[in-house]
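Asker: Structure in structure tokens, see below.
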Amino acid sequence: MDVKAAAALMAACALAGCAMPYSPVPVATNFPNTEQPKLQAAAHWDVIARHVQQTLSNDLKKASPRPFYVPEPKANASEFEQALTSHIITSLVNAGHTVSLTPAGALKVDLKVQAVTFAANRPQYRYRGEATALATGLWVLSDIDPTVGAVGTVAALDTYSWFRAKFAPGATPKTEVIVTVSVTDQYRYLARTSSAYYVADADAALYNGALVKEYKLRGDR
Numbered sequence: 001m002d003v004k005a006a007a008a009l010m011a012a013c014a015l016a017g018c019a020m021p022y023s024p025v026p027v028a029t030n031f032p033n034t035e036q037p038k039l040q041a042a043a044h045w046d047v048i049a050r051h052v053q054q055t056l057s058n059d060l061k062k063a064s065p066r067p068f069y070v071p072e073p074k075a076n077a078s079e080f081e082q083a084l085t086s087h088i089i090t091s092l093v094n095a096g097h098t099v100s101l102t103p104a105g106a107l108k109v110d111l112k113v114q115a116v117t118f119a120a121n122r123p124q125y126r127y128r129g130e131a132t133a134l135a136t137g138l139w140v141l142s143d144i145d146p147t148v149g150a151v152g153t154v155a156a157l158d159t160y161s162w163f164r165a166k167f168a169p170g171a172t173p174k175t176e177v178i179v180t181v182s183v184t185d186q187y188r189y190l191a192r193t194s195s196a197y198y199v200a201d202a203d204a205a206l207y208n209g210a211l212v213k214e215y216k217l218r219g220d221r
């Protein structure tokens, strides 16, 4: 066994032996690594809309074919919610669905956007690994270990740029937006999808209608 590996194993065993078997409260632990997209352009809003459309289409395959009705956003809706509503209608129509202008006899598509703000300076741990070519234009990230050397098949790849392109630069955003879309009739929920996204803090006002300021123009006195 490698000397370093043996030393690490002995240290882990020692720490485990010192760990208290009981605690007055649950011990705080981190979740396994996950990835969450960061919205940085209006084009990303269209990507969300198409994802919503595909999810709803798959969930409603067995439902009776009825038109959809998408209500107009409320007057105080954020710019993101207004634009996303339009994108969803466009995606549904382009996918061959009928979208009604009136609610009578249609399935209602409800959109809820919730912007939440967390504390600043949340940690973010970006892992590094090796990108291996599976086929032309297709890569897989493997060997997630900072001690692993470069893989020969990607010797010509600029790994620094590859990893910088994958992960959003900068600190972890304080602002996140939760998008929930529901399809209902007058009695029940037929489909529902929820997703969370990071938002650039400088763009927070685009996602939170409460942050939008209104200015009244007055004539010259």
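According to the UniProt record's numbering, the sequence shown is numbered sequentially starting from 1.
Even glycine gets a Cβ: it sits at the ideal position worked out from N, Cα and C.
Computed from a predicted model, the values in this text were never measured in an experiment.
Going by the beta-carbon positions, is the gap between L92 and Q54 smaller than 8 Å?
Answerer: No. Outside cutoff.
Asker: Taking its Cβ as the centre, do 16 or more other Cβ atoms sit within 10 Å of E176, making it buried, or is it exposed?
Answerer: Counting Cβ neighbours within 10 Å, E176 comes out buried, since at least 16 surround it.
Asker: Nearest CA to the CA of E35: which residue from A204, A119 and S195?
Answerer: When only C-alpha atoms are compared, the closest one is S195.
Asker: Which residues does DSSP list as the beta-bridge partners of D110?
Answerer: Per DSSP, S182.
Asker: Which residues mark the beginning and the end of the alpha helix (DSSP H) in which R50 is found?
Answerer: Start and end: A42 to D59.
Asker: Buried or exposed: where does H97 fall if 16 or more other Cβ atoms within 10 Å of its Cβ makes it buried?
Answerer: The residue in question, H97, is buried, as its Cβ has 16 or more Cβ neighbours within 10 Å.
Asker: Beta strand (DSSP E) containing L190: first to last residue?
Answerer: Residues Y189 to V199.
Asker: According to DSSP, is V140 part of a helix, a strand, or is it coil?
Answerer: For V140, the pLDDT reaches just 47, beneath the cut-off of 50, and the residue's location in the model is therefore unreliable, although a value from the coordinates is still provided. Here V140 sits in strand by DSSP.
Asker: Determine which residues share a DSSP beta bridge with T175 and list them.
Answerer: DSSP lists T117 and V199 as partners of T175.
Asker: Using only the alpha-carbon positions, how far apart do I88 and Q186 sit?
Answerer: Each residue's alpha carbon lies about 21 Å from the other.
Asker: Return helix, strand or coil for S23, following the three-state DSSP convention.
Answerer: Note: S23 maps to coil in three-state DSSP.
Asker: Alpha carbon to alpha carbon, how far is P32 from Y197?
Answerer: Cα to Cα, the separation comes out at about 17 Å.
Asker: Look up residue 224 in the DSSP assignment and give the residues it is bridged to.
Answerer: An answer regarding residue 224 cannot be provided, because it is not within the stretch 1 to 221 covered by the chain.
Asker: In or out: E81 buried (at least 16 other Cβ within 10 Å) or exposed?
Answerer: By the 10 Å Cβ count, E81 comes out buried.
Asker: In the DSSP output, which residue or residues are listed as bridge partners for L39?
Answerer: Partner(s): V199.
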